[in-house]
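I have placed the structure first, in the form of structure tokens, so that the comments after it can refer back to it.
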Amino acid sequence: MRTKIKPKTYFENYLELELDDIQYFESSLQNGEVKEEMISSVKRKLFTESLHVLIAKYSSGVPIEELKSTFPQVIDYFKNGWKDKGNTPEDNIHFDNYILMLWMLSLSVLLDIENTEFEKIVDVLDHSNREDYFFDKIIAYKMPQRNISNHITYPDHFAFLKNLIDNRDVTELKDYLDKNWYTSMKLTYWYDSDKNKHETFFGYWCFESAAFIKILNLDDSIIEKQEYYPYDLVHWDK
1 MRTKIKPKTY
11 FENYLELELD
21 DIQYFESSLQ
31 NGEVKEEMIS
41 SVKRKLFTES
51 LHVLIAKYSS
61 GVPIEELKST
71 FPQVIDYFKN
81 GWKDKGNTPE
91 DNIHFDNYIL
101 MLWMLSLSVL
111 LDIENTEFEK
121 IVDVLDHSNR
131 EDYFFDKIIA
141 YKMPQRNISN
151 HITYPDHFAF
161 LKNLIDNRDV
171 TELKDYLDKN
181 WYTSMKLTYW
191 YDSDKNKHET
201 FFGYWCFESA
211 AFIKILNLDD
221 SIIEKQEYYP
231 YDLVHWDK
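Residues in the sequence shown are numbered from 1 upward in steps of one, following UniProt numbering.
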């Protein structure tokens, strides 16, 4: 177990329910049982649920090698199910999409996926006409020719990342993770999901901080035990 918020039995039940849902949605699409106007929503659901499964597996202690092997399937669901367009306002609703994109890019770095798979994510992002400094910084780690936008979509929520990049101060990051990170995610659909009477919790992880720790090659020993920091995702392949 990598989280103390829920026991292993919870995750066993959660994963069983989510995997059953994925199988049902896949079967419904393949058999032509989904109404035309609902197809895009079902494809979106396949993406989000497959990502939730991967994160829940991480939370429950599944070996990272297994997560790496299944992530390409999540990428395929992402490619087919992403609906964001550049004319969508950068508001509270879009914040969820922003986090999901940030997770996909961050997990790609942390799981060290092949460039051919990574390019699928970048292609989806580029077609959505979104420009963001943090997206581009992560992309440039695997694609050094990437131009870096100066635009920070949510400066208040991610000033801590800019400070990490500029100052390389992991102590400052620790302080933010300890005191502010989780409450800063209050706009997300998964905030306080551990308190839901239904099985909706898959884990609370600041994947983006780990991605930049890896990109910047910083010593993160002081946050090894931090509850929202996925330490072993940075170190599993060393």
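All residues carry an ideal CB built from backbone N, CA and C; glycine is no exception.
The structure displayed is predicted, hence computed values, not measured ones.
- How would you write the range of the alpha helix (DSSP H) that Pro155 sits in, first residue to last? 155-167
- Query: When the Cα atoms are used, what is the spatial distance from Asn80 to Lys162?
  - Reply: Answer to the nearest angstrom: the Cα atoms are 31 angstroms apart.
- Query: Is it true that the stretch 202-211 meets the stretch 43-61, where meeting means three or more beta-carbon pairs spaced less than 8 angstroms apart?
  - Reply: yes
- Task: With DSSP collapsed to three states, give me the class of Trp236.
- Result: coil
- Query: Grouping DSSP H, G and I as helix and E and B as strand, with all else coil, what is Asp192?
  - Reply: Coil at Asp192, not helix or strand.
- Whole angstroms is fine: what's the gap from Gln226's alpha carbon to Tyr182's? 12 angstroms
- Among Ser50, Lys83, Ser40, Ile113, the one whose alpha carbon lies nearest that of Glu16: Taking Glu16 as reference, the option from Ser50, Lys83, Ser40, Ile113 with the minimal CA-CA separation is Ser50.
- Query: Helix, strand or coil: how does DSSP classify Asp20 here?
  - Reply: Correct three-state label for Asp20: helix.
- Message: Given a cut-off of 8 angstroms on the beta-carbon distance, is the pair Leu177 and Phe212 in contact?
- Response: In this structure, the beta-carbon distance from Leu177 to Phe212 does not fall below 8 angstroms.
- Item | His52 burial status per 10 Å Cβ neighbour count (16 or more: buried) | buried
- Message: Need the endpoints of the alpha helix (DSSP H) that Asp76 sits in, please.
- Response: Asp76 -> alpha helix (DSSP H) spans 64-81.
- Task: With DSSP collapsed to three states, give me the class of His198.
- Result: Residue state, collapsed to three classes: coil.
- Query: Beta carbon of Ile121, beta carbon of Met104: below 8 angstroms?
  - Reply: yes
- Contact belief for Ser28 with Val42 at Cβ below 8 angstroms, rounded distance in angstroms: 7 angstroms
- residue 242 to Lys45, Cα distance in whole Å? In this structure the chain extends from 1 to 238, so residue 242 is not present and cannot be described.
- Just reading off the alpha helix (DSSP H) that Leu125 is part of, what are its end residues? Per DSSP, the unbroken alpha helix (DSSP H) holding Leu125 starts and ends at 115-127.
- If you compare alpha carbons, which of Leu67, Asp132, Ser221, Gln145 is closest to Ser151? Contrary to the premise, residue 151 reads as His rather than Ser in this sequence. Minimum Cα distance to His151 is reached at Asp132.
- Task: Label Leu67 either buried or exposed according to how many other C-beta atoms from any shown protein chain fall within 10 Å of its C-beta, with 16 as the threshold for buried.
- Result: buried
- Message: Going by C-alpha to C-alpha distance, which of Asn147, Ser108, Tyr189, Ile148 sits closest to Val74?
- Response: When each option's Cα is compared against that of Val74, the closest is Ser108.
- As assigned by DSSP and simplified to three states, the class of Gln30: Collapsing the DSSP output to three states places Gln30 in a helix.
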